[in-house]
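A short write-up of the structure that comes next.
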Amino acid sequence: MRIGIIGAGLIGGTLARKLASIGHQVRIANSREPSSLTEFKNDDGITPVWADEVADGADIVILSLPQKAIGALSESLRSTLMSVPIVIDTGNYYPVRDGHIDALDQGTADSEWVAGILGRPVFKVFNNIGAPSLKYKGTDDEGQKLGLTVAGPSGEDKQKVSELIVQLGFDPVDGGDLGQSWRLQPGTPIYCKDMTADEMRAGLQQTTREDIGKYHEDRDQIEDFDAAMKKVGEFM
Ligand SMILES: NC(=O)c1ccc[n+]([C@@H]2O[C@H](COP(=O)([O-])OP(=O)(O)OC[C@H]3O[C@@H](n4cnc5c(N)ncnc54)[C@H](OP(=O)(O)O)[C@@H]3O)[C@@H](O)[C@H]2O)c1
């Protein structure tokens, strides 16, 4: 498939390499010019492009951005995204990084908010697995396959996203529709815990909205979010 990725960081960059390694044609962009993406110069199947070009002719576009960057996507890109069959959002709202966004503080699910900004449905995937686990792990310490949640509208497209998860070596877990996708967000029992699919399904039943607010209150104490993320990058 032709897969466009906007955001070439820990998650976007990892997905680009994994998807290219299983035969997908990947176009990737960051917020700058394509020549800034030198890290992909030896990767077959990955073409750096401008963000506005990522969605051209794509079967799937993956948005892997800080939440605050969604509103900064150009009109022209948003218009092209309207004709892309599947758009995936890997994002999570972190007020400590993104600043406070009223609708999200009031409980709109992160990816439901993204879908509202874009004016089209998205699937929430790859948001609750840490980048090192996405890169190196498909199984837990006992060799059991790890689950990966997908939330979004039911139907053929969700099935295709689930098949992509299988291709990447994980076990898809239905996380419900976008309205329910808060159950996959930071602070919930299944967030970045490297669980099997069955453990995730059980965890989803135990999730409460209070988990999320409490988590962000704690994260608000992090003085330098970027430095904390750099530490995650050291495991890559
Ligand atoms: N890190 C994790 O383990 C993890 C796990 C699950 C989900 N997530 C979530 O997934 C999303 C991406 O996380 P990440 O850790 O991969 O972030 P990251 O390493 O900080 O990378 C962010 C990428 O987004 C690009 N970007 C920012 N604004 C942009 C814009 N307006 N247009 C185009 N590209 C833009 C950046 O480009 P520049 O370099 O040019 O700024 C960079 O390539 C976040 O919402 C995060 O919360 C992260």
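Quick note on the UniProt record's numbering: the sequence shown kicks off at 1 and runs consecutively.
By construction, the Cβ of each residue, glycine as well, lies at the ideal position given by its N, Cα and C atoms.
Here the structure is a predicted model, which means the values were calculated and not measured.
Quiz prompt | Residue range of the unbroken beta strand (DSSP E) whose run includes Ile70 | solution = No beta strand (DSSP E) contains Ile70, which is instead part of the alpha helix (DSSP H) from 67–70.
Quiz item: For Arg97, does the three-state DSSP call read helix, strand or coil?
Solution: helix
Practice problem: For Leu146, name the three-state secondary structure that DSSP assigns. | Solution: strand
Exercise. List the DSSP bridge partners of Phe123.
Key: Ile88
Quiz item: Should Asp171 go down as buried or exposed, given a rule of 16 or more other Cβ atoms within 10 Å for buried?
Solution: buried
Practice problem: Flag Asn30 as yes when its Cβ comes closer than 7 Å to any non-hydrogen atom of ligand 1, and as no otherwise. | Solution: yes
Practice problem: Tell me, please, whether the segment 116–133 touches the segment 63–79 by the rule of three or more beta-carbon pairs shorter than 8 Å. | Solution: yes
Quiz item: Phe126: beta carbon under 7 Å from a heavy atom of ligand 1?
Solution: yes
Self-check item: Among Gly9, Ile5, Ile3, Arg2, the one whose alpha carbon lies nearest that of Lys230
Solution: Gly9
Practice problem: Take Leu134 as the anchor and find which of Gly13, Asp177, Pro48, Leu81 has the nearest alpha-carbon. | Solution: Gly13
Practice problem: Give me the Cα-Cα distance between Ala55 and Val61, rounded to the nearest whole angstrom. | Solution: 6 Å
Exercise. Inspect the beta-carbon positions of Gln167 and Ile22 and report whether they are closer than 8 Å.
Key: yes
Quiz item: Are the CB atoms of Leu148 and Thr139 nearer to each other than 8 Å?
Solution: no
Practice problem: Kindly confirm or deny that the segment 154–169 and the segment 76–90 touch, where touching means at least three C-beta pairs closer than 8 Å. | Solution: yes
Quiz prompt | DSSP state of Thr38 mapped onto helix, strand, coil | solution = helix
Quiz item: In this structure, does DSSP put Thr207 in helix, strand or coil?
Solution: coil
Self-check item: Chain-order list of residues whose beta-carbon lies under 6 Å from that of Val49 (same chain, five-residue window excluded)
Solution: Arg27, Ala29, Pro34
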